[in-house]
Amino acid sequence: GTLLDSLSLCHHSGTPFSTLRPDRSGGFVMRAMNGWTINIQDDGQTQSQAIEADSGRLLAVTEKCLKTDVQRIMRIGPKVDTGLMSLMMLGIDILSYRLDNREPAARRASRQGL
3 GTLLDSLSLC
13 HHSGTPFSTL
23 RPDRSGGFVM
33 RAMNGWTINI
43 QDDGQTQSQA
53 IEADSGRLLA
63 VTEKCLKTDV
73 QRIMRIGPKV
83 DTGLMSLMML
93 GIDILSYRLD
103 NREPAARRAS
113 RQGL
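FYI, in this note's numbering the residues of the sequence shown are 3 to 116.
In structure tokens:
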């Protein structure tokens, strides 16, 4: 992949915490340096869900507002890091914008992990 295909999320000290990237299913995956993984699934319409990979626990849900595509409502579960969920959703917007503005072949290659 290229630099456009992923984002690094860092601790306040600047050390890397995790990487956020598109996955083959059309969603996104956040993989922490210690192996902890969150899958972000998008229904393609209005809703996204962040799910912890190992346990299947639902961490957060976002929904687009009915009146505009630029606003979302985010519901975050109990004992979930709200800052991390917010950064992940912002990162997904950035990556989606980058992918949407690339050539179709490059977009497919990115999704396939080439």
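We treat Cβ as the ideally placed atom computed from N, Cα and C, and that holds for glycine.
query, result
"Report the CB separation of residue 97 from residue 11 in whole angstroms; it is logged as a contact under 8 Å.", "Contact doesn't hold; Cβ gap of about 12 Å is too wide."
"Based on Cα-Cα distance, which residue from 100, 65, 75 and 21 lies nearest to residue 48?", "65"
"Please name the residue or residues paired with residue 63 in a DSSP beta bridge.", "51 and 77"
"In terms of residues, what are the limits of the alpha helix (DSSP H) holding residue 100?", "84-102"
"Looking only at its chain, what residues have a beta carbon closer than 8 Å to the beta carbon of residue 18, apart from the 5 residues adjacent to it on each side?", "10, 11, 12 and 35"
"Quick one: give me the first and last residue of the beta strand (DSSP E) that residue 32 is part of.", "30-34"
"How should residue 68 be labelled, buried or exposed, when 16 other C-beta atoms within 10 angstroms of its C-beta is the threshold for buried?", "exposed"
"What three-state label does DSSP hand residue 7 in the structure shown?", "helix"
"Tell me, please, which residues DSSP counts as bridged to residue 22.", "9 and 32"
"Who does residue 119 pair with in a DSSP beta bridge?", "The question about residue 119 has no answer, for the chain in this structure spans 3 to 116."
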